[in-house]
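The block underneath contains the structure these notes are about, expressed in C-alpha cells.
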Amino acid sequence: MRLTPTPELAALRDRFRDFADKEVAPHAARHDAEERVDRAIVGRLAAEGLLAPLLPAGLGGRGLDPIAYGLLHEEIGRACSSVRSLLTVHDMVADSVRRWGTPALRERWLPRLVSGEALGAFALSEPDAGSDAAAVATVARPGRDGGHHLLTGTKRWITFGQLADVFLVFARTPDEGPTAFLVARDRPGLSVEPLPGMLGTRGSMLAELRFDDCPVPRDHLLGAPGRAHPFITTSALTLGRYSVAAGSVGIVRACLEASAGYAAGRGVLQHQLVQRMVADMVVSAEAGRLLALRAGELIGAGSPHAPMAATEAKYFAGRAAADAARDAVQIHGAAGCSPDHPVARYYRDAKVMEIIEGGNEVSQTMIGRFGHTAGH
1 MRLTPTPELA
11 ALRDRFRDFA
21 DKEVAPHAAR
31 HDAEERVDRA
41 IVGRLAAEGL
51 LAPLLPAGLG
61 GRGLDPIAYG
71 LLHEEIGRAC
81 SSVRSLLTVH
91 DMVADSVRRW
101 GTPALRERWL
111 PRLVSGEALG
121 AFALSEPDAG
131 SDAAAVATVA
141 RPGRDGGHHL
151 LTGTKRWITF
161 GQLADVFLVF
171 ARTPDEGPTA
181 FLVARDRPGL
191 SVEPLPGMLG
201 TRGSMLAELR
211 FDDCPVPRDH
221 LLGAPGRAHP
231 FITTSALTLG
241 RYSVAAGSVG
251 IVRACLEASA
261 GYAAGRGVLQ
271 HQLVQRMVAD
281 MVVSAEAGRL
291 LALRAGELIG
301 AGSPHAPMAA
311 TEAKYFAGRA
321 AADAARDAVQ
331 IHGAAGCSPD
341 HPVARYYRDA
351 KVMEIIEGGN
361 EVSQTMIGRF
371 GHTAGH
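Here it is, written out as C-alpha cells:
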C-alpha cells in the first residue's frame with residue numbers, strides 16, 4: 001500500500017479541494033438552513049466529471065481510480081456533508097447499474113446518471129429495516145401481463161428521495177429473497193413524502209417512498225430475482241461505506257481547521273487540554289485517511305476483503321468525526337452552540353455518520369465476528 005499520493009493523485013486532490021472550496025463550501029450553511037440542495041449543484045458536479053466518476057470512459061465516466069475517489073469524497077465531505085451524501089447515493093445507484101444491469105438498462109440510464117440529467121437514490125431502508133436487506137418487507141409480485149412487477153411497501157429515510165429521478169429499490173419477490181429494481185420517479189403508484197427536520201445532513205432531502213401496486217418493467221430488474229442480497233447490496237454498501245469513511249475524515253479536517261484557527265486566535269491553544277483535543281483531531285484525520293485508502297485499494301483490486309475494510313474505515317472515521325466535532329464545539333464554547341456556526345453543523349452531521357450505511361453497533365458486530373479473517 002502506497003502511503004503518499006503520486007504526483008497525479010496529488011494534482012487531482014488539489015483540483016477536488018479547489019472545486020469544493022469554490023463551488024460547495026460557500027453554499028453549505030444555506031443548504032443546512034433551507035434543508036435542501038439546489039439542483040444546480042448537480043450540473044456543476046457533472047460538468048466537473050464528478051458524478052459516477054468510477055464508471056469507465058466507455059460507459060461515459062472518467063474511470064477514476066478508487067483511491068482518487070476517496071480523496072474526492074474527503075474534500076467534498078470537508079466542505080458539505082449533504083453534497084457528499086448526494087454523491088454517495090447517486091454513485092451507489094450508478095455502480096449497481098454498471099455491475100448488474102442489462103446492456104439495455106446500462107445504455108438507457110448510465111449516460112443520464114453521468115450527465116446529471118437523472119439523479120439516483122438508494123432505497124433500501126424501511127420503517128422496520130435499516131441496512132439489513134434480508135429484512136425488507138416491500139413486496140414485488142408479478143403483474144398479470146407478465147411484463148411487470150407490482151411493488152407494494154414503504155421505504156423511509158431515503159437520502160435525496162425528494163430530488164431523485166430514479167431509485168434503486170429492494171423488494172421481496174414471492175418465495176424468493178430480496179430483488180433489486182430500478183424505478184423511475186414518474187411510475188404510477190409511487191408517491192414521495194418529504195421528511196424534514198432531521199438532526200444532521202439537513203440538505204440531504206430525505207423522503208419516504210410509498211409504493212402502491214407500482215408497476216416496474218421486468219427489464220428494470222438488476223441481477224437475478226431473489227439474489228440482490230448479498231450480491232448487489234454488498235457491492236453497493238461497500239462503496240457507500242467507503243464514501244462515508246472518506247467524508248467523515250473530511251469532517252475531522254474541517255473541525256481541526258476551525259478549532260486550531262480559533263484556539264490560536266484566542267490564545268487558548270497554549271492550554272494543554274485544548275492541545276490534547278487538537279492533537280486527537282490530527283491523529284484521527286491521518287489514521288482515518290489511511291483506513292479509508294486501504295479500503296479504496298482493496299476495492300480497486302476487487303478483493304474479497306474490501307467490504308470488511310470499508311466497514312472498518314467507516315466505523316473508525318465516523319466515530320472520529322463525532323469525537324472531533326464534540327471537541328470542536330467545546331473549544332468554541334458558546335459560539336460553537338450557535339445553530340448557524342459551522343462547528344455546530346459539523347456536530348450534527350458527524351452524528352449522522354455513526355448511523356448511516358450501517359450504524360456503529362452493526363459495524364462492531366460485523367468486525368467482531370469476521371474482521372480477524374479479513375486479510376490482516
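No gaps in the numbering here: position 276 of the sequence shown is 276 in UniProt numbering, and each next residue is one more. We treat Cβ as the ideally placed atom computed from N, Cα and C, and that holds for glycine.
Whole-angstrom distance between residue j and residue i, CA atom to CA atom
{"i": "E107", "j": "S363", "result": "36 Å"}
{"i": "D32", "j": "R289", "result": "26 Å"}
{"i": "V136", "j": "G368", "result": "24 Å"}
{"i": "G153", "j": "G143", "result": "16 Å"}
{"i": "S243", "j": "R84", "result": "8 Å"}
{"i": "S303", "j": "R39", "result": "36 Å"}
{"i": "D65", "j": "I299", "result": "10 Å"}
{"i": "V252", "j": "G130", "result": "26 Å"}
{"i": "V278", "j": "T6", "result": "28 Å"}
{"i": "P174", "j": "G296", "result": "37 Å"}
{"i": "A79", "j": "G147", "result": "45 Å"}
{"i": "L71", "j": "A254", "result": "14 Å"}
{"i": "G333", "j": "L195", "result": "31 Å"}
Distance between beta carbons of residue j and residue i, contact taken as under 8 Å
{"i": "A52", "j": "A94", "result": "4 Å"}
{"i": "G116", "j": "V42", "result": "4 Å"}
{"i": "L222", "j": "L182", "result": "6 Å"}
{"i": "H220", "j": "L150", "result": "So it is not a contact: roughly 13 Å between Cβ atoms."}
Closest by C-alpha distance to residue i, when choosing among the options
{"i": "A184", "options": "L209, I232, L256", "result": "L209"}
{"i": "A236", "options": "D145, D38, T88, Y346", "result": "T88"}
{"i": "F122", "options": "A321, T234, A263, G49", "result": "T234"}
{"i": "R227", "options": "A180, V249, L199, G261", "result": "A180"}
{"i": "H305", "options": "L239, D212, D349", "result": "L239"}
{"i": "V352", "options": "G147, A245, R39, G101", "result": "A245"}
{"i": "D128", "options": "K155, M366, P103", "result": "K155"}
{"i": "F16", "options": "F316, H73, D145, G189", "result": "H73"}
{"i": "R187", "options": "V169, T365, P174, G203", "result": "V169"}
{"i": "R276", "options": "S248, G296, I331, F231", "result": "I331"}
{"i": "H372", "options": "G203, G359, C337, A309", "result": "A309"}
{"i": "F316", "options": "H341, R294, I158", "result": "R294"}
{"i": "Y69", "options": "G247, W109, G203", "result": "G247"}
{"i": "P307", "options": "S82, A29, H341, M366", "result": "M366"}
{"i": "A140", "options": "D212, T311, M281, P56", "result": "D212"}
{"i": "A292", "options": "D323, D280, A350, G250", "result": "G250"}
Environment of residue i [buried if 16+ CB atoms lie within 10 Å]
{"i": "G197", "result": "exposed"}
{"i": "K22", "result": "exposed"}
{"i": "T201", "result": "buried"}
{"i": "G161", "result": "buried"}
{"i": "P178", "result": "buried"}
{"i": "residue 437", "result": "An answer regarding residue 437 cannot be provided, because it is not within the stretch 1 to 376 covered by the chain."}
{"i": "L50", "result": "buried"}
{"i": "D327", "result": "buried"}
{"i": "H271", "result": "exposed"}
{"i": "V329", "result": "buried"}
{"i": "C214", "result": "buried"}
Requested in this report: Scan the region 191–274 and note each continuous beta strand (DSSP E) run of 3 residues or more that stays entirely inside, going in chain order.
Outcome: Segments of the beta strand (DSSP E) lying fully in the region 191–274: 207–217.
Requested in this report: Could I get the ranges of all uninterrupted beta strand (DSSP E) runs contained in the region 108–185, with 3 residues as the minimum, in chain order?
Outcome: 120–123, 139–142, 148–158, 166–172, 178–184
Report task. Ignoring anything shorter than 4 residues or poking outside the region 35–113, list the alpha helix (DSSP H) runs there in chain order. Result -> 40–47, 66–79, 81–100
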